[in-house]
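Working notes, structure below.
Protein chains: 2
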Amino acid sequence: MVSFDGLRLGDGGPIYQQIVRHLQRGLAAGTIRAGDELPSRRVLSARLGVNPNTVQKAYRLLEEAGLIASHAGAKSFVSAGPAEIEAVRTQLLTEEARRLVEALRQTGASREEAMALLGRLWDEKEETQDETT
Amino acid sequence: MVSFDGLRLGDGGPIYQQIVRHLQRGLAAGTIRAGDELPSRRVLSARLGVNPNTVQKAYRLLEEAGLIASHAGAKSFVSAGPAEIEAVRTQLLTEEARRLVEALRQTGASREEAMALLGRLWDEKEETQDETT
DNA sequence: CAAACCGTATTATAGAGCTAGTACAGTTTG
DNA sequence: CAAACTGTACTAGCTCTATAATACGGTTTG
């Protein structure tokens, strides 16, 4: 069963996009695998405290992207293959990294300053990771 | 006169936020300085092809943040001091860098992979920089 | 002073995102 | 079969973002 426990809804744009991103990142990290069962629209919406329609929109987008498979009446499952997963991973990483590079350059940061900042924030976050995963 | 020529409206969220961010980044980079004259709401909205109210909203937020000063009837000017500029700069950088770190960790990337990715994208972007600044 | 700007404010309209409630057909399970 | 669940679809209402069209008073400049 695909878990959405790690998903904290916040200022990450529309909720349905956050749900899509959470599954994409799980695929990229390997914590979500092909064949995994997905929670139903109703169950997940109740767990997240959002409307079922919002979850439905996320699931519909994921199905259109070929990452999950839904059949009316039955449960939904992850259907992404290795090729699709690798594509998702590189897309996610380069997308976010390009945003940072853009911001860094426009604020007049140097290459060294950029690398130092990333390294510092990486270590900083590492310390506050108390998960029993 | 503060220039907004480098501002390309796209998928960076609400337009008024993009305008705010552009001025913030200009301050952080030093290309926009205290005392600089701002284009009027009407002029800038015409140049960007957006509604004057959208620019007004951005300017209002910038004034509430103490970065610019507006006086009814007269032109608007940048009023940010060195302390405020430094605060804006660190805020912008850490904000965006935290987003990337979050994405990297959730996709199961290592520290080395993270640094390598940033370095590669940085150099990649450096090549396609043909500005005559 | 008077025209031309400026900042500021108001009302109306439209679309996107999200919520709320309901409904219906297909699948699973006892 | 029948109950319980599933995916799917629809309408209605709210907020935010953005547009459109004015309007008013203050400042600058000729």
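Respectively, the protein sequence lines represent chains Y and R. According to our numbering, the residues represented by the first sequence are 3 to 135, in order. According to our numbering, the residues represented by the second sequence are 3 to 135, in order. For each residue, glycine too, the CB sits at the ideal point set by N, CA and C. Owing to the predicted nature of the structure, the values given are computational and were not obtained by experimental measurement.
- Query: Hey, quick one: how far does the alpha helix (DSSP H) through Ile34/R stretch, first residue to last?
  - Reply: Numbered from its first residue, the second sequence carries residue 34/R at position 32. Looking at the DSSP string, Ile34/R is not in any alpha helix (DSSP H), and its letter there is neither H nor E.
- Message: Under 9 angstroms, CB to CB, which of the residues in the region 100 to 114 of chain Y have a partner in chain R?
- Response: Arg100, Arg101, Leu102, Val103, Glu104, Ala105, Leu106, Arg107, Gln108, Thr109, Gly110, Ala111 and Arg113
- Is the shortest distance between the beta-carbon of Lys127/Y and the beta-carbons of chain R less than 9 angstroms? Working through the first sequence from its first residue, we reach residue 127/Y at position 125. Chain R contact via Cβ: present.
- Message: Helix, strand or coil, according to DSSP, for Ala67/Y in the structure here?
- Response: The count along the first sequence starts at 1 and reaches residue 67/Y at position 65. Reduced to three states, the DSSP call for Ala67/Y is coil.
- Query: Below 9 angstroms between beta carbons: does that hold for Thr33/R and Gly110/Y?
  - Reply: Looking up residue 33/R in the second sequence gives position 31. Looking up residue 110/Y in the first sequence gives position 108. Against a cut-off of 9 angstroms, the Cβ pair of Gly110/Y and Thr33/R comes out as a contact.
- Once you ignore the five residues that flank His24/Y on each side, which residues in its own chain have a CB closer than 8 angstroms to its CB? Counted from its first residue, the first sequence places residue 24/Y at position 22. Only Phe6, Gly8 and Leu9 meet the Cβ criterion.
- Is it buried or exposed for Glu98/R, if we count other Cβ within 10 angstroms and need 16 for buried? On the second sequence, position 96 is the one that residue 98/R refers to. Answer is buried; the Cβ neighbour count reaches 16.
- Message: Can you pull out the residues from the region 59 to 74 of chain Y whose beta carbon lies closer than 9 angstroms to at least one beta carbon of chain R?
- Response: none
- Have a look at Asp38/R and Lys77/R and give me their C-alpha separation to the nearest angstrom. One-based indexing of the second sequence puts residue 38/R at position 36. One-based indexing of the second sequence puts residue 77/R at position 75. C-alpha separation (whole angstroms): 11 angstroms.
- Tell me the DSSP bridge mates of Val80/R? As a working mapping, residue 80/R is identified with position 78 in the second sequence. Val80/R pairs with Ile70/R.
- Item | Contact with chain Y by Thr135/R, beta-carbon distance below 9 angstroms | Locating residue 135/R in the second sequence gives position 133, where the first residue counts as 1. For Thr135/R, the pLDDT reaches just 39, beneath the cut-off of 50, and the residue's location in the model is therefore unreliable, leaving the point undetermined.
- What number of angstroms, rounded off, separates the C-alpha of Gly28/R from the C-alpha of Val4/R? Reading the second sequence from its first residue, position 26 is the one you call residue 28/R. Reading the second sequence from its first residue, position 2 is the one you call residue 4/R. Between Gly28/R and Val4/R, the C-alpha separation is close to 9 angstroms.
- Tell whether a beta-carbon distance below 9 angstroms holds between Glu104/Y and Lys127/R. Translated into the one-based positions of the first sequence, residue 104/Y becomes position 102. Translated into the one-based positions of the second sequence, residue 127/R becomes position 125. In this structure, Lys127/R lies closer than 9 angstroms to Glu104/Y by Cβ.
- Skipping 5 residues on each side, what residues in its chain have a beta carbon closer than 6 angstroms to that of Pro84/Y? Translated into positions along the first sequence, residue 84/Y becomes position 82. Excluding positions up to five away in sequence, the list is empty.
- Message: Counting only beta-carbon separations shorter than 9 angstroms, does Glu98/R have a partner in chain Y?
- Response: If you number the second sequence from 1, residue 98/R lands on position 96. Closer than 9 angstroms: yes.
- Would you identify the three-state DSSP class for Arg10/Y, choosing helix, strand or coil? As a first step, residue 10/Y must be located in the first sequence, where it is residue number 8. Three-state result, Arg10/Y: coil.
- Which of the three DSSP states, helix, strand or coil, is assigned to Met3/R? Counting from 1 along the second sequence, the entry for residue 3/R is found at position 1. Correct three-state label for Met3/R: coil.
- Message: With three or more beta-carbon pairs closer than 8 angstroms as the criterion, would you say the region 8 to 22 of chain R touches the region 49 to 63 of chain R?
- Response: yes
- Residue closest to Ala89/Y, alpha-carbon to alpha-carbon, out of Gln19/Y, Leu123/Y, Arg101/Y and Gln26/Y: As a first step, residue 89/Y must be located in the first sequence, where it is residue number 87. Considering only alpha carbons, the answer is Gln26/Y.
- Distance, Glu86/Y Cα to Leu40/R Cα: As a working note, residue 40/R is residue 38 in the second sequence. As a working note, residue 86/Y is residue 84 in the first sequence. Spanning the two alpha carbons is a distance of roughly 48 angstroms.
- Message: Cutting at 8 angstroms between CB atoms, please list the residues of its own chain near Asp132/R, excluding the five before and the five after it.
- Response: As a working mapping, residue 132/R is identified with position 130 in the second sequence. Summary for Asp132/R: the model assigns pLDDT 49, below 50, so the residue's position carries little reliability; its value from the coordinates is reported in the next sentence. Here the set comprises nothing.
- Could you tell me which chain R residues have their CB closer than 8 angstroms to the CB of Arg91/Y, listed as they occur along the chain? As a working note, residue 91/Y is residue 89 in the first sequence. Within chain R, the residues near Arg91/Y are Thr109.
- Leu63/Y to Ser112/R span [Cα, whole Å]: By 1-based counting over the first sequence, the position of residue 63/Y is 61. By 1-based counting over the second sequence, the position of residue 112/R is 110. Leu63/Y and Ser112/R: Cα-Cα distance of roughly 29 angstroms.
- Message: Against chain R, with Cβ distances strictly below 9 angstroms, would Gly83/Y count as a contact?
- Response: For this step, residue 83/Y is matched to residue 81 along the first sequence. Not closer than 9 angstroms to any Cβ of chain R, the Cβ of Gly83/Y fails to qualify, so no.
- Residues of chain Y with CB under 9 angstroms from Gly32/R, in chain order? As a working mapping, residue 32/R is identified with position 30 in the second sequence. Within chain Y, the residues near Gly32/R are Gly110.
- Neighbourhood of Leu106/Y by C-beta, 6 angstroms cutoff - its chain only, sequence neighbours within 5 removed: Walking along the first sequence from the start, residue 106/Y turns up at place 104. Taken in chain order, the residues that qualify are Ala116.
- Item | Neighbour-count burial assignment, Gly19/Y, 16 or more Cβ in a 10 Å radius | As a working note, residue 19/Y is residue 17 in the first sequence. Per the sequence presented here, residue 19/Y reads as Gln, with Gly not at that position. Gln19/Y comes out exposed.
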